[in-house]
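Residue numbers (this note's numbering), protein chains in the order written: chain A, 1 to 270; chain B, 1001 to 1314; chain C, 2001 to 2495; chain D, 3001 to 3546.
Idealized CB from N, CA, C, for every residue including glycine.
Source: prediction; values computed, not measured.
These notes concern the structure reproduced below.
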Amino acid sequence: MKLRGNTLVGGTLIGIVLLTAATATVWTPYNPLQVNLRARLKPPSELYWLGTDEFGRDVLSRIMAGAGTSVLVALLTVAFAVVVGVILGVVAGYVRGWTDRILMAVNDALLAFPGILLALGVMVVVGANKYGIVLALGLAYAPSVVRVVRGTVLSVREREYVEASRMIGNGEIYSMVRHVMPNCIAPIAVLSTSMFGWVLLSESALSFLGLGVPPPAPTWGNMLAASRPYMETATWLGIAPGLCIAFTLLGINLLGDSLRDRLDPRMAHA
Amino acid sequence: MLSYVLRRLAFTIPTLLLVAMAVFTLVRLIPGDPVQLMLGDAADPAQVTEMRRALGLEEPLPVQFVLWLGKVAVGDLGKSISNGLPVLPLMIERFQVSGLIVLVAVFFAALLAVPAGLLAAWRQNQPLDLAIVAGATMLLSIPTFWLGLLLLLLFGLKLGWLPVVGYVPFSENFGQALLYIVLPIVTLTMVEIGVMTRMSRAAAIDVLRLDYVTHARAKGLPERRVLMRHVLPNAFAPTWTLIGLILGHLLGGIAVLETVFTLPGLGRLLVDSIFARDYPVVQGCLLFTALIYVLVNLVVDLCYPLFDPRVQAE
Amino acid sequence: DAQNTTIRLRMKTDIRSTDPGTNRDGPTDGVVQHMVEGLVAFREDTSVGPLLAERYDVSADGKTYTFTLRPDVRFHNGAPLTADDVVWSWQRYLDAATQWRCRPEFTGGLAKLESIAKTDDHTVVFTFDRPSALIPATMARVDCGGSGSTHRDSVGPDGKWRDPIGTGPFKMGEWRRGQHVELVRFDQYASRDEARDGYTGGKKAAVDRIRFVVIPDAAAAKAALMSGASDIDPDIEPEDFAELKARPGLKFESATTMSMATVIFQTRDKVMQDVRIRRALALAIDTAEITDAVTAGTAKPNNSVIPISSPYYTKVQAGGYTRDLAAARKLLAEAGYGGQPIKLLANKRFKSSFDVAVLVQAAAQQVGLKIDIEVLDWATQLDRYTKGDFQIQSFPYSARLDPALSYEMVTGPKATQPRKVWDNPEVEAILRQSMQIADRGKRQVLFDTLHRRQIEELPLIMIYNEVQIAAMRTALNGYKAWPTGQPRLWGVTLN
Amino acid sequence: MSGPALLTVDGLKLRATGIGSLVVDDVSFSIGRGEFLAVVGESGSGKTMAARAILGLLPPAIIRVDGRIRLDGEDLTQATPERLRQLRGPAIGMVFQEPMVSLNPALTIGTQMAEGLKLHRRLSPQEIRAKSVAMLQRVQIRDPERCLAAFPHEFSGGMRQRIMLASVMLLRPSLLIADEPTTALDTLVQREVLDLMVELARQEGTAVMLITHNLGLVARYAQRAVVLQRGKLVESGPAQRILAAPTHSYTRQLVDALPRREAATHRDAPGEPVIAARGLEVTFGGRRRFFGRRPSVRAVDGVDLEVRAGETVAVVGGSGSGKTTLGRAMLRLIPASGGQVLFRGSDILSADRATLRAFRLGCQLVFQDPYSSLDPRMRVGQTVAEPLRHVPQLSAADRERRVEEVLEEVGLGGFGRRLPHELSGGQRQRVAIARAIVRRPVFVVADEPVSALDMTIQKQVLTLFRDLQRQRGFACLFISHDLAAVEEVADRVVVMQSGRIVEQGSRDDIFDRPQHDYTKALLAASPALDMPKPRSSTIPVTDLVT
Ligand SMILES: Nc1ncnc2c1ncn2[C@@H]1O[C@H](COP(=O)(O)OP(=O)(O)OP(=O)(O)O)[C@@H](O)[C@H]1O
Ligand SMILES: Nc1ncnc2c1ncn2[C@@H]1O[C@H](COP(=O)(O)OP(=O)(O)OP(=O)(O)O)[C@@H](O)[C@H]1O
Ligand SMILES: [Mg+2]
Ligand SMILES: [Mg+2]
């Protein structure tokens, strides 16, 4: 099977991110947590390739050290939201009736909750730790997945091949898993890759509720958020994590698209 | 149809009740106390208790809940702890700001994103597609505050075309109001374009390979018409669901945007109230957004058969 | 045109109400103080002077205060200020239903206000159950609304607060919630003859209107200032100072305020109860360096609870900790500290709180103290503070204009008030003494003792007093920053 | 050939990129104005692809590697996309093979019909509407006004096919390509539709390229015919000549395979009915509108029917008469609004789970629209293997063998790795058949199972059915418009009209002594009956497998 451009570019980008994360576990140019008040807000130079932040910490080191955490948190959150969302969405859309109504009532209730409140609630329940953010954001995003999946299922379940599956004597659950779900892939793929980006960005928003990755450990999200007051005076502070997020997202999208094409046998020869 | 709508509306009641109950418990469960915040580091314990009693916060929770619910049932959402104003008019006033921005922005976003997605799907894996996908992805990875501030600095400060802070209601001065609201709308539109583009692209790719598209082409329809008339309606369903979601989400939460552009909107009210532990306002806002949410989704569901007539409205 | 000048001043948050000293916060006080005035008020140097009173006399036993009102003062509705109005205002304050913030002070906390009586139209007599040096200062307290006198029409027939009808240089204009509060010049304002001095002295308004514009976002506020959408931002972020300074058309005014950035300890905590560990931390940090980094070089370090701008701040108070890593390590070893992690609470609502936390953590690491930062939202942190449920906090204290009040903020019995960080009966006794006597020299001695004990016992590490920098357009003349941190727009002109 | 050639196809070669083989291999033919050309051939021989190549609408996986296509002297292979677009519709009209998937589910029939006219002819909306209604009337759609406002899924297979035909013919193209346009039509409508095409050819000089398996139609309507086999053109010439005296062996096989009546297999004492419908009624509620609802349609109206073990009951009747609905209702795929369906004596409309499951495992359906009934993401092998999940104690290897066997039986050996969209229409139909019979059910509803198959494969499939019936004794409800096929396989025949059974009886009774006028008309209109029955037929069916 020939490698297409998208796959190559996407794979390279993600590869770089993973490689960076792996490298950071053994080596970074400086200690990413090392405060150096004499070298505050230094622009990029030979000494500090990406400059330093308001505490004189090396931005490059922090970018590297933050890669792993950022990606892991985003990955876990998306996985949580998608798994929960797809299961409930498919069930609601496929079974319909009262199950659907009850699920949707709860779902809509959850949807109406702002992330901050959910996060504060989660904080109380699970305490302040890294996984709190996964839970909080996962809970915030899962209802959207439920809605989108349910919508698609509503239309897919009317297709004749689902009827055919029932005709064969396949159980409803099997039909859901085998025939309905694969044909809902497209919107789920889009939503989950987009969500990946949202999590990378909003992870920092929650860090001030005690839910984020505990400071001073860097993540791209909290680096970006912290760069805000220096948007004009120390542009590099925001640009570095911003570009990292953008390229990771682009990589994931490209890779996701080509993966989807590959998973979709209809596209194999196109 | 009418009975269906009524039935659906009846189903909003359990949802709202659920929201009411959850919000009520949650806001009281999380640490922090409005009175404490008001009195700050100089709080005198006795005074705290007294003020809490005056606000009705010293009653047992179930009693508070029932009292509150009873008032809500007759349309009284209570008064803000922060500034003593009745919650309902406060919310409605703020909602007019957020609602307008969100509706217009989502409308424009859809107007731009859906055709862009179609175009990308149509030229799948070609340079145009790659450009659109890359653009959408970039937009997805720019935080609202960043983009908003950038636009603010560019158009407000560098070019001086638009005012930097503030808000004027449309009822007061239409032209002025427009100036104040342009940037927030543009920002929000750009932020929402990303995901919508990708959603419509994905759906369109699926539809484009169906036979009726080929058949439409066999009729000699121009590609534009094939895309707009034959692909779009069938590919629109997931995007439509998404629009419903975005609308619902945003109506309750464009706090960041409202902060950057200094707009007195509902999102800021809600977030400020959460941080101030202003229970009545939080409860009211959430009940309100939940209601809006349910209504938006009802409309979304009602419109569903328009795109896929095979799906019956139950 | 000059006929209709408006000064637009940036506010971070909307005001909570216009009722002095009740439903309030910093910005609320700032706005309300333009409209209402009390009998006394703070001077520039944080001493107390008369405002509505022409003068006041204290009886020998210190229990009776006689205020003589200025004769020409008028309320915003044109009515002259009389002793009745003062009595009415105070009765309202002392009514529990009003929820006046400082009511506890006057119902026994500081002293019990036993009676307020008018002797004639321009004389009011306050009688307390015991003497206290702090009575005038408390009456002047900004967070008490300056105990402002208002006309009874400020309250509706239902007893609810409407708009303030005060005697200040500006009267209520329009309040657009979430957007701005506009005040209009009070043309019949009877100013004192002296020059402007804190909240008292000459207070004649020089512009027609002032508008307090709510701009929560610092970046937006900066843009507003640079684009001319606001005329003055009385409290810019320190990190913006350098950038704004480079801009033409702007000028600056700064003053060291009395609010404090501190690191407080829970001395009942298993680990933190050992003073050697607290001292190790104090020796590990370089207060000057932290202050410099957090405030972008604008503030000066201060290890004393007494603010630098206080007249009681002397050489003694300037004595604090000096960094000594070796000593710190030694202390830790002596204390048998085994590397157990210590939680440091901070918040991002006050950026300095978080920044201080990060720097303290980094400093602690150098001597082997393992500190984990936990960031909370402000309400949660405050709750933990109030309950005393923490090990260390990076905590911002609000301004207290009298040293005794500053110490009062941190000391007290933990049993009844868990938020107090310094629980020592001896210290409390000294403090009580400092509150009763009025003699400046004697008080200084007491405060010096308190300072030495604070350095010794280490219930908290005071780091610096916030410097407030106001940035304004060069067209704005006559604005002056002062230690309360509150803006004052009388006497300010806009060309 | 009458007049100069309108369309010339010269040395056309099409390659499937995925598989790498030529699906059309050096095919040349031409059509003159007003000429009626029949394209016949094996299922999967490349007829559809050749036709789509003319329009320049090949699926992405198929590329033209060689050959020229000229229309009126203009080389279409060199034309710009814009030029091609202009030609499509008014110059070349094509009716696609699978009407079910060629109509846009989201648009009303009216919109879809009006589109072409709006684009290519300057007409007012009223005129467009009038023309649409008239054309729908011509193809015998009842209540055409209502039809315009309805959505595709509300129509029967045959109705959709007619709608497709109508919408293409509305434009009066100079070249009409009709890819098996009558597979879902009853003989009466079929005749009407083809007469319409002939009329077009006569009046407007339209050249008609008719792709079909129905040799009866070829004989009756076509002037010339070309025969395709495995992508190659094996014979061409005047239609009558080819049918009467085929020269190529494949053509001979085709003609020989024409169905003919065999002795009804009145099996050893037909036992209990496997399945029976009693007073079955199905009503479609009509679509909800914003206010009120549309009047409902009673698609099946009080039907009594029994199918016994080992018996094939054919259901014939007009398009839209409720055959599919009846079949689906008997399988409980759509809710019945009245009556009973008894499976081995117990009513399955009110059955409990266990009974229902036994019923599901015992019964199968060959969908009228095979394409939609195949999961687009599943390979042929997976699709056919799926029913075997429910056969206990079947090893993976056994299962695979069984799948291979069945695919072989329907002539799809080696197609296991293909996906539905990589198949021809007839191949898809066979996948659907294979799926239905792989588990050896006791009752099958076969809805037009051979409509897209050429004669040789049709024969093979029908033989397969009969063999299974003989060996396993399964019962079959055989829904078909193809009276010749019915005549070959049915034991009993049921004639439906407007949801009611108007006549039923043994095959011989119905074919030889029809009572009802409708039955008589249907039989009279069957083109296959016009054909002289070929006599020699000794080639074993299995040799014909591709
Ligand atoms: N996308 C594809 N990839 C690979 N092979 C394909 C694809 N589409 C069609 N084919 C193959 O091309 C051949 C020709 O298909 P075509 O649809 O033209 O057959 P046909 O003559 O119309 O048959 P039928 O009478 O069954 O409709 C078939 O063998 C089919 O399997
Ligand atoms: N979902 C539906 N909604 C409304 N009407 C329907 C629906 N499905 C079928 N019908 C109507 O029911 C009638 C019978 O349809 P059915 O599909 O059973 O016909 P058929 O006999 O199988 O025809 P054909 O031979 O053309 O396939 C038709 O008039 C059709 O319009
Ligand atoms: Mg074909
Ligand atoms: Mg049918």
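Please compile the residues from chain A whose C-beta is within a distance smaller than 8 angstroms of the C-beta of residue i.
{"i": "C/ILE2373", "result": "PRO214, PRO215 and PRO216"}
Taking Cβ-Cβ distances shorter than 8 angstroms, what residues in chain D pair up with residue i?
{"i": "A/ARG159", "result": "SER3372"}
{"i": "B/LEU1210", "result": "VAL3101"}
What in chain C is Cβ-close to residue i, meaning under 7 angstroms?
{"i": "B/GLN1283", "result": "Within chain C, no residue comes near B/GLN1283; the closest Cβ sits about 16 angstroms away, beyond 7 angstroms."}
Residue i lies in the beta strand (DSSP E); which residues open and close that run?
{"i": "C/PRO2465", "result": "Reading the sequence as shown, one finds Asn at residue 2465 of chain C and not Pro. Its beta strand (DSSP E) spans residues 2460–2473."}
{"i": "D/VAL3341", "result": "3338–3343"}
{"i": "C/PHE2128", "result": "2123–2128"}
{"i": "A/CYS184", "result": "From DSSP, A/CYS184 is part of no beta strand (DSSP E); its letter is neither H nor E."}
{"i": "D/GLY3317", "result": "3312–3317"}
{"i": "C/GLY2173", "result": "2170–2176"}
Kindly list, in the order they appear in chain A, the residues whose Cβ is closer than 7 angstroms to that of residue i.
{"i": "B/PRO1014", "result": "ALA105"}
What do you reckon, are the CB atoms on residue i and residue j nearer than 7 angstroms?
{"i": "A/VAL78", "j": "A/PHE196", "result": "yes"}
{"i": "A/THR193", "j": "A/GLY238", "result": "no"}
{"i": "A/ASP108", "j": "B/THR1015", "result": "yes"}
{"i": "B/VAL1019", "j": "A/ALA24", "result": "no"}
{"i": "C/ILE2308", "j": "C/THR2256", "result": "yes"}
Below 8 angstroms on C-beta distance, what does residue i contact in chain B?
{"i": "D/GLN3086", "result": "GLY1220"}
{"i": "A/ILE133", "result": "Those within 8 angstroms of A/ILE133 in chain B number zero; the least Cβ separation is about 16 angstroms."}
What residues of chain A sit near residue i, judged by a beta carbon separation below 9 angstroms?
{"i": "C/LEU2359", "result": "VAL35, LEU37 and PHE55"}
Return helix, strand or coil for residue i, following the three-state DSSP convention.
{"i": "D/THR3111", "result": "helix"}
{"i": "D/GLN3229", "result": "strand"}
{"i": "C/LYS2351", "result": "helix"}
{"i": "C/PHE2067", "result": "strand"}
{"i": "A/SER70", "result": "helix"}
{"i": "A/GLY85", "result": "helix"}
{"i": "D/PHE3291", "result": "Confidence at D/PHE3291 is low in this model, with a pLDDT of 45, below 50, so its placement is unreliable and no value can be given for it."}
{"i": "D/SER3124", "result": "coil"}
{"i": "A/GLY221", "result": "helix"}
{"i": "C/LYS2112", "result": "strand"}
{"i": "D/ALA3269", "result": "With a pLDDT of only 49 at D/ALA3269, under 50, the local geometry of the prediction cannot be trusted, and no value is derived from it."}
Which stretch, first to last residue, makes up the alpha helix (DSSP H) that contains residue i?
{"i": "C/PHE2106", "result": "2103–2106"}
{"i": "B/TRP1122", "result": "1087–1122"}
{"i": "C/CYS2144", "result": "Taken as a continuous stretch (DSSP letters only), C/CYS2144 belongs to no alpha helix (DSSP H), as it is neither H nor E."}
{"i": "B/PHE1063", "result": "Note that residue 1063 of chain B is Val in the sequence shown here, rather than Phe. B/VAL1063 -> alpha helix (DSSP H) spans 1061–1073."}
So which residues on chain F does residue i lean against when the C-beta distance must stay under 9 angstroms?
{"i": "B/SER1098", "result": "Note that chain F does not occur in the displayed structure, where the protein chains are A, B, C and D."}
| message | Under 5 angstroms, CB to any heavy atom of ligand 4. Which residues pass, going along the chain? | response | D/SER3156, D/GLY3157, D/THR3324 and D/GLN3368
| If you measure from each residue's Cβ to the nearest non-hydrogen atom of ligand 3, which ones come out under 6 angstroms, in chain order? | D/LYS3047, D/THR3048, D/GLN3097, D/ASP3179, D/SER3424 and D/GLY3425
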